[in-house]
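Each protein sequence line maps, in turn, to chains L and V. For the first sequence, the working numbering assigns the number 168 to the initial residue and increments by one for each residue that follows. For the second sequence, the working numbering assigns the number 168 to the initial residue and increments by one for each residue that follows. This report refers to the structure that appears directly beneath it.
2 protein chains.
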Amino acid sequence: MVPTSSSESPLPSTEGTFGERLSAAVRRCRNPVCVGLDPRFESLPAPLRAGRDAGSTVDRAAAFAEFSCRVIDAVRDLVPIVKPQAAFFEALGPAGMQALADVLAHARQAGLETILDGKRNDIGSTAEAYADAWIGRRGSAWGSDSLTVSPYLGDDTLLPFVRAAEARSGGIFVLVKTSNPGSAALQDRTTTVDGRAVLIRELVAQWVEGHAARTAGPSGYGDVGAVVGATYPRELAELRRAMPHAWLLVPGYGAQGGGADDVAAGFDDRGLGAIVNNSRGILFAHAAPEYRERVTEAGWIDAVRMATEAMIAALRERTTVGRL
Amino acid sequence: MVPTSSSESPLPSTEGTFGERLSAAVRRCRNPVCVGLDPRFESLPAPLRAGRDAGSTVDRAAAFAEFSCRVIDAVRDLVPIVKPQAAFFEALGPAGMQALADVLAHARQAGLETILDGKRNDIGSTAEAYADAWIGRRGSAWGSDSLTVSPYLGDDTLLPFVRAAEARSGGIFVLVKTSNPGSAALQDRTTTVDGRAVLIRELVAQWVEGHAARTAGPSGYGDVGAVVGATYPRELAELRRAMPHAWLLVPGYGAQGGGADDVAAGFDDRGLGAIVNNSRGILFAHAAPEYRERVTEAGWIDAVRMATEAMIAALRERTTVGRL
């Protein structure tokens with residue numbers, strides 16, 4: 168397939184560290200939008216559901232793959248990165264996992280960086296197996312560039328992921344402050360470290376920043392990032408300061424209520440430092456009031472593109488992304 | 168296949184709640200051993216590796232499926248439950264996931280309860296998708312009975328899993344105190360809840376106990392359990408008291424250093440309340456000094472059975488399991 172980038176830039180390099188590739192991709196696209204690939208059969212546009220049996224995991228997996236690949240084709244010249252959500256593919260059994268592999272391969276071929284959103288972790292050699300599965304487009308089983316990782320098991324369990332990221336030019340995003348209403352229950356608890364009061368989310372942020380600083384390249388960002396929800400703008404500002412070398416993956420934009428103003432604090436003065444994910448607000452834009460009147464369900468892909476462009480415009484207008 | 172149980176009991180029922188089925192299975196087998204299915208190609212007995220290309224994920228996946236199914240056949244009349252580790256199958260890409268599906272199907276046909284060790288979690292409808300994937304042998308995509316779940320995202324994210332467990336006679340095991348050396352870094356931090364000092368692991372244990380008590384059946388145990396490592400016997404005793412209605416999944420026996428005395432505090436007076444996982448100590452027993460002199464590598468399956476019987480005997484001798 169021939170790239171259709173309006174800036175006529177060449178296909179991006181797969182060389183260099185993940186942190187630097189992400190900086191280059193965000194600069195090239197002049198925006199930090201991450202399109203979340205969270206297919207849900209009942210929300211797919213009618214043409215994707217037509218002739219497919221909702222009760223068949225094979226049929227649904229085929230619909231997920233076709234839908235996700237068409238979304239990738241629609242946004243490949245607009246955005247730097249996409250994020251398939253493992254859960255929706257896993258829910259279809261082995262057929263869903265084959266669809267996930269196909270979607271990741273299509274995203275790579277389109278020149279996009281990828282995050283597998285799996286929130287994985289385990290101990291020792293089991294963590295190594297997860298890293299072998301998901302980290303690094305070359306040398307990992309699934310060929311995704313990066314993986315989201317959960318920190319509950321402790322800082323020692325992050326090491327196999329960090330080592331894999333360094334060895335295979337991949338990355339990780341560690342959960343620090345998630346976008347859900349109940350994230351406070353554990354993440355916002357106060358504890359004491361060396362006699363000083365620290366929140367659990369700050370403690371995890373310290374682990375992340377240590378690895379991010381050590382792996383930082385010329386752009387200032389490393390291979391180890393953090394997940395920080397758009398639904399908590401004050402915490403986002405704090406955590407930006409606490410992790411100056413970490414890419415932030417910011418979910419919660421759009422359907423979860425976050426807007427451009429809410430994510431503004433995630434960026435540095437150059438417009439770098441955060442990628443902002445939007446899943447439902449882009450994927451299912453055809454069903455949103457503002458697009459339903461302008462596109463038919465058959466023209467759903469136009470709504471995907473319009474919603475992506477609207478999000479890019481909002482970020483450029485209301486944040487330092489405009490300086491990219 | 169005809170069951171070969173020495174007690175000549177019929178194949179176990181798939182009716183009833185997960186908590187009650189587990190109580191029945193442990194009583195029927197008179198032991199709480201969970202065989203962890205963590206295949207690693209380089210550790211497989213030579214006959215399983217012969218003729219297979221270590222560089223081919225398809226070949227390795229075929230070896231994992233054959234190995235795991237033969238282990239299941241060897242222990243099906245001895246133990247109540249097996250636990251495939253998702254990471255090792257994921258590390259082989261789509262071929263590995265098909266092997267995982269085959270292994271889970273084989274375990275079901277053998278009449279064993281199953282735990283998918285995936286340490287999954289996410290927010291809202293994404294957590295629902297994971298639950299649809301893995302919880303309940305009827306109605307879930309993979310047909311596993313239960314799933315391990317990570318609590319970092321907060322107590323609200325446990326609810327979709329708990330609801331799925333109740334709706335489909337499945338279960339979950341929430342990470343509370345893991346067996347790795349670094350588990351203290353987050354889990355053992357002190358925080359304050361309603362003016363009272365509480366450890367993070369105790370806070371999560373409170374969430375678990377609430378759901379466990381609400382779903383408890385006649386045996387006293389519910390569908391929501393906890394992961395508590397054998398490598399921390401004092402914490403295991405504390406957490407047993409803190410979660411009187413929760414099944415404990417206790418990893419860390421064998422290769423990680425835990426023994427029968429270390430897990431004794433996990434059981435109630437009747438010998439119920441905990442299942443004890445052993446992966447490498449059983450799977451790769453053929454390479455252990457105590458079996459290497461008695462079995463050839465071709466006879467590796469005898470070592471699997473001997474190691475399982477030795478673990479059962481140790482638990483019966485040194486814990487209340489002897490009263491089952």
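Cβ coordinates follow ideal geometry from the N, Cα and C atoms, glycine included.
Cβ of L:G362 within 7 Å of any chain V Cβ: Chain V, which has no Cβ nearer than 7 Å to the Cβ of L:G362, makes this no.
For the beta strand (DSSP E) that contains L:R459, what are its first and last residues? Counting along the chain, L:R459 falls outside any beta strand (DSSP E), though it belongs to the alpha helix (DSSP H) covering P456 to R459.
Check each residue of the stretch 296-322 of chain V: if its Cβ is closer than 7 Å to any Cβ of chain L, include it; give the result in chain order. Residues A296, Y297, D299, A300, A308, W309, S317, P318, Y319, L320, G321 and D322.
Is V:G426 close to the ligand HEM? I mean its beta-carbon at under 6 Å from any heavy atom of the ligand. Ligands displayed in this structure: none; no statement on the ligand HEM is therefore possible.
Spatial neighbours of L:R424 in its chain, beta-carbon cut-off 7 Å, leaving aside the 5 residues before and after: Sequence inspection shows Gly at residue 424 of chain L; the Arg mentioned does not correspond to that position. Cβ within range, chain order: T398.
I'd like to know whether the C-beta of V:F255 is nearer than 7 Å to at least one C-beta of chain L. Judged by the 7 Å Cβ criterion, V:F255 is in contact with chain L.
Reducing DSSP to helix, strand and coil, say where L:I248 ends up. Residue state, collapsed to three classes: strand.
Would you kindly work out how many angstroms separate the C-alpha atoms of L:R195 and L:P247, rounded to a whole number? Between L:R195 and L:P247, the C-alpha separation is close to 8 Å.
By the criterion of Cβ-Cβ separation under 7 Å, what are the contact partners of V:Q265 in chain L? When 7 Å is used as the limit between beta carbons, V:Q265 is near these residues of chain L: P261, in chain order.
Using 8 Å for Cβ pairs, my map puts V:F340 next to V:V365. What's the rounded Cβ distance? Wrong, their Cβ atoms sit about 21 Å apart, outside the cutoff.
Sub-7 Å separation of L:A228 and L:G285 beta-carbons: Result no, Cβ atoms of L:A228 and L:G285 do not sit closer than 7 Å.
Look up V:I367 in the DSSP assignment and say whether it is helix, strand or coil. Reduced to three states, the DSSP call for V:I367 is helix.
Can you pull the chain L neighbours of V:Q252, defined as C-beta to C-beta under 7 Å? Correct list: T293.
Is the separation between the beta-carbon of V:V270 and that of V:S235 shorter than 7 Å? Yes, these two residues count as a Cβ contact at 7 Å.
Please classify V:V360 as buried or exposed, where buried requires at least 16 other C-beta atoms within 10 Å of its C-beta. Classification of V:V360: exposed, given that the 10 Å Cβ count is below 16.
Spatial neighbours of V:E295 within its chain, please: C-beta separation below 6 Å, excluding the five flanking residues on both sides. Around V:E295, the same chain offers P327 as residues with beta carbons nearer than 6 Å, after the five sequence neighbours per side are excluded.
Nearest-angstrom Cα separation, counted from L:I479 out to L:D435: Approximately 17 Å between the Cα atoms of the pair.
Curious, which full-length alpha helix (DSSP H) runs of at least 4 residues does the stretch 253-317 of chain V contain? Here the runs fully enclosed are 253-257, 260-276 and 291-301.
What span of residues does the beta strand (DSSP E) with L:A393 cover, start to end? Unbroken beta strand (DSSP E) run through L:A393: V391 to V395.
In angstroms, rounded to a whole number, what distance separates the CA positions of L:S174 and L:R197? At L:S174 the pLDDT is 41, less than 50, meaning the model places this residue with poor confidence; the figure from the coordinates comes in the next sentence. In a straight line, the C-alpha of L:S174 is about 10 Å away from that of L:R197.
With a 10 Å radius around its C-beta and 16 neighbouring C-beta atoms as the bar for buried, classify L:T463 as buried or exposed. Counting C-beta atoms within 10 angstroms of its own C-beta, L:T463 has fewer than 16 neighbours from the protein chains shown and is therefore classed as exposed.
L:V430: which of L:D226, L:F185, L:R485 and L:L491 sits nearest, CA to CA? Distance from the Cα of L:V430 is smallest, within the candidate group L:D226, L:F185, L:R485 and L:L491, for L:R485.
Enclosing beta strand (DSSP E) for V:V202 [first to last residue]: Segment V200 to L204, the beta strand (DSSP E) holding V:V202.
Looking only at its own chain, which residues have a Cβ that is under 7 Å from the Cβ of V:E182, when we skip the five neighbours before and after it? Counting only Cβ-Cβ distances below 7 Å, and skipping sequence neighbours, we find nothing.
Pull up the distance between the alpha-carbon of V:Q373 and that of V:T487, whole angstroms please. Rounded to the nearest whole angstrom, the CA to CA distance from V:Q373 to V:T487 is 25 Å.
V:Q276 classed as buried or exposed, judged by whether at least 16 other C-beta atoms fall within 10 angstroms: Here V:Q276 is exposed. Its C-beta has fewer than 16 other C-beta atoms within 10 Å.
Hey, how far is the Cα of V:V417 from the Cα of V:V395? Rounded to whole angstroms, the gap between the alpha carbons of V:V417 and V:V395 is 5 Å.
Since V:T324 meets chain L, which of its residues come closer than 7 Å, beta carbon to beta carbon? Neighbours of V:T324 in chain L, taken as residues at a C-beta separation under 7 Å, are given in chain order as N347 and G349.
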